[in-house]
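Asker: One structure coming up, written as structure tokens, with questions to follow.
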Amino acid sequence: MGLCISSLFSSSPSKTGLHSHDLPSNSSQFLEAASESSREIITDPGKILESPNLKVFSFLELARATKNFRQESMLGEGGFGRVYRGWIHAETLAPCVASSGMTVAVKRLNSESFQGFEEWRTAINFLGVLSHPNLVKLLGYCREDKEHLLVYEFMPKGSLDYHLFKRKEPFPWDLRIKIMIGAARGLAFLHGSQRQVIYRDFNSSRILLDSNYEVKISGFGLAKLGPSQGNSHVTTRVMGTGGYAAPEYMATGHLYVKSDVYSFGVVLLEVMTGLRVLDAKRPQGQANLVDWLRPKLSSKHKMNQIMDKGIEGQYSSKVAIQKWDV
1 MGLCISSLFS
11 SSPSKTGLHS
21 HDLPSNSSQF
31 LEAASESSRE
41 IITDPGKILE
51 SPNLKVFSFL
61 ELARATKNFR
71 QESMLGEGGF
81 GRVYRGWIHA
91 ETLAPCVASS
101 GMTVAVKRLN
111 SESFQGFEEW
121 RTAINFLGVL
131 SHPNLVKLLG
141 YCREDKEHLL
151 VYEFMPKGSL
161 DYHLFKRKEP
171 FPWDLRIKIM
181 IGAARGLAFL
191 HGSQRQVIYR
201 DFNSSRILLD
211 SNYEVKISGF
221 GLAKLGPSQG
231 NSHVTTRVMG
241 TGGYAAPEYM
251 ATGHLYVKSD
261 VYSFGVVLLE
271 VMTGLRVLDA
281 KRPQGQANLV
291 DWLRPKLSSK
301 HKMNQIMDKG
311 IEGQYSSKVA
321 IQKWDV
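All the letters of the sequence shown, read from the start, carry residue numbers 1 to 326 under the UniProt record's numbering.
See the structure below:
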């Protein structure tokens, strides 16, 4: 099927460069600080496996695990296809009834989507060998006839996107910061691996949360290997989620490792303000969060004006400014 897992990370890392006046200035430092703290706090900083440890499921096994892909088992739907809740034995990974196994998320590719197939293959290539506490764990995959599926560990707390924008009560400040630190550690691992990995589609919906609100970065379908042989960037077709992509990448197709840092900064803006990066329902001049808030980001004294009012009182002004000035 054309998977090339064993050779993905054979090259050494290279230097990168990105000069963006639009890049939130603190996001790079935030990532670096999280990377340093992860070496002190996390006993398992992540690794690249010599060979993938993925189970090859049959389509019948996954049909049984998801109750034959019934509507009641469906968790969501996106460009890739549909995601279903399934149950498998923790040790054997064989399908089982809900009361006797562990819950998994089964992504079933839209059979008519060529891009979906490319994303399916890319996810296997990367998550088959990348292992880190803040990356979602891919348990296995299936390819039979026109069927392509991925089996992931299940994240019961959903996505950061849900907690910021869809729940009724404001998401607590301490959890927001905890989540951004976890996300920063995951990205720092990707950027610091033997051959740098550019995630390319970092956004709040890609940050999944386990039962303890620990971060698991998901959705590696658009990931790319970083530049090699002294190059500063890779050139690729522009893809990703609107509002999060770095301006240089959108304009030129030149993808830098620090393109992810820009996206991280955008998510950090969402976390601090409680607002989506793009929202046509906001007043004129405020639809794009980055454009609207850019003049305020240079002044620490204006930070309180843009903080989410729903978490007012959960932090001191001094602490909020420190988070922006990491």
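C-beta: ideal position from N, C-alpha, C; glycine also.
1. Assign VAL97 to buried or exposed, taking buried as 16 or more other Cβ atoms, counted over all protein chains shown, within 10 Å of its Cβ.
2. Given 8 Å as the limit, is there contact between the segment 308-315 and the segment 204-216, that is, 3 or more CB pairs closer than that?
3. What residue range is occupied by the uninterrupted alpha helix (DSSP H) comprising VAL267?
4. Looking at the structure shown, is VAL129 part of a helix, part of a strand, or coil, going by DSSP?
5. Specify, as a first and last residue, the run of the alpha helix (DSSP H) that LEU138 falls within.
6. Using 8 Å as the Cβ pair cut-off and three pairs as the minimum, do the segment 105-125 and the segment 74-82 touch?
7. Would you check if the distance between the CB atom of VAL267 and the CB atom of TYR249 is smaller than 9 Å?
8. Starting from the C-beta of ILE179, find all residues in its chain whose C-beta is less than 8 Å away, skip the five residues before and the five after it, and write them out in chain order.
9. DSSP puts ALA105 in a beta bridge; with which residues?
10. Can you tell me whether SER100 is helix, strand or coil according to DSSP?
11. Just how far apart, CA to CA, sit ASN134 and ALA188?
12. Based on Cα-Cα distance, which residue from SER259, GLY86, GLY242 lies nearest to HIS233?
13. Using a Cβ-Cβ cut-off of 6 Å (strictly less than) and excluding sequence neighbours within five positions of CYS142, which residues of its own chain qualify?
14. Just to confirm my understanding: we take PRO170, look at its own chain, exclude 5 residues before and 5 after, and list those with CB closer than 6 Å. What are they?
15. What separation, rounded to the nearest whole angstrom, lies between the Cα atoms of GLN286 and GLN305?
16. Could you spell out the range, first to last residue, of the alpha helix (DSSP H) harbouring ILE177?
17. Would you mind reading off the limits of the alpha helix (DSSP H) that contains GLU61?
18. List the DSSP bridge partners of LEU160.
19. Could you tell me which residues DSSP pairs with VAL56 in its beta bridges?
20. When you compare only the Cα positions, how much space is there between GLN314 and LEU175?
21. Here's the rule: buried if 16 or more other CB atoms are within 10 angstroms of the residue's CB, otherwise exposed. What is ALA123?
22. Where in the segment 183-252 do unbroken runs of the alpha helix (DSSP H), each at least 4 residues long, occur, reported from the N-terminal end onward?
Answerer: Looking at the coordinates:
1. What you label residue 97 is simply residue 97 of the sequence shown in a count that begins at 1. Looking at its Cβ environment, which holds fewer than 16 other Cβ atoms inside 10 Å, VAL97 is exposed.
2. no
3. Position 267 of the sequence shown holds residue 267. Where VAL267 is concerned, the enclosing alpha helix (DSSP H) stretches over 258-273.
4. Position 129 of the sequence shown, counting from 1, holds the residue named residue 129. VAL129 falls in the coil class under three-state DSSP.
5. What you label residue 138 is simply residue 138 of the sequence shown in a count that begins at 1. Unbroken run through LEU138 is the beta strand (DSSP E), 138-144; no alpha helix (DSSP H).
6. Counting Cβ pairs under 8 Å, three or more are found: they touch.
7. Sequence index remark: in the sequence shown, residue 267 carries index 267 (1-based). Sequence index remark: in the sequence shown, residue 249 carries index 249 (1-based). No, Cβ-Cβ distance for VAL267 and TYR249 is not below 9 Å.
8. The residue labelled residue 179 in the question sits at position 179 within the sequence shown. LEU160, ILE207, LEU209, TYR213, VAL215, VAL271, listed in sequence order.
9. Residue numbering aside, residue 105 sits at position 105 when the sequence shown is read from its first letter. According to DSSP, ALA105 bridges with ARG85, TYR152.
10. As a position in the sequence shown, residue 100 is number 100, starting the count at 1. SER100 falls in the helix class under three-state DSSP.
11. The residue you call residue 134 lines up with position 134 of the sequence shown. The residue you call residue 188 lines up with position 188 of the sequence shown. Cα-Cα distance, rounded: 10 Å.
12. In the sequence shown, residue 233 corresponds to position 233, counting from 1. Per the Cα distances, SER259.
13. What you label residue 142 is simply residue 142 of the sequence shown in a count that begins at 1. Answer for CYS142: PHE57, PHE59, LEU62, LEU149, listed in chain order.
14. Locating residue 170 in the sequence shown gives position 170, where the first residue counts as 1. Hits under 6 Å: GLY310, ILE311.
15. For the purposes of this step, residue 286 is identified with residue 286 of the sequence shown, where counting begins at 1. For the purposes of this step, residue 305 is identified with residue 305 of the sequence shown, where counting begins at 1. Looking at the two C-alpha atoms, the distance is approximately 14 Å.
16. Translated into the one-based positions of the sequence shown, residue 177 becomes position 177. Its alpha helix (DSSP H) spans residues 173-192.
17. Mapped onto the sequence shown, residue 61 falls at position 61. Residues 59-65.
18. Position 160 of the sequence shown, counting from 1, holds the residue named residue 160. DSSP output for LEU160 lists no bridge partner at all.
19. For the purposes of this step, residue 56 is taken as the residue at position 56 of the sequence shown. Answer is TYR141.
20. Within the sequence shown, numbered from 1, the residue matching residue 314 stands at position 314. Within the sequence shown, numbered from 1, the residue matching residue 175 stands at position 175. Roughly 11 Å separates the two Cα atoms.
21. One-based indexing of the sequence shown puts residue 123 at position 123. It is buried - the Cβ of ALA123 has at least 16 other Cβ atoms within 10 Å.
22. 247-252
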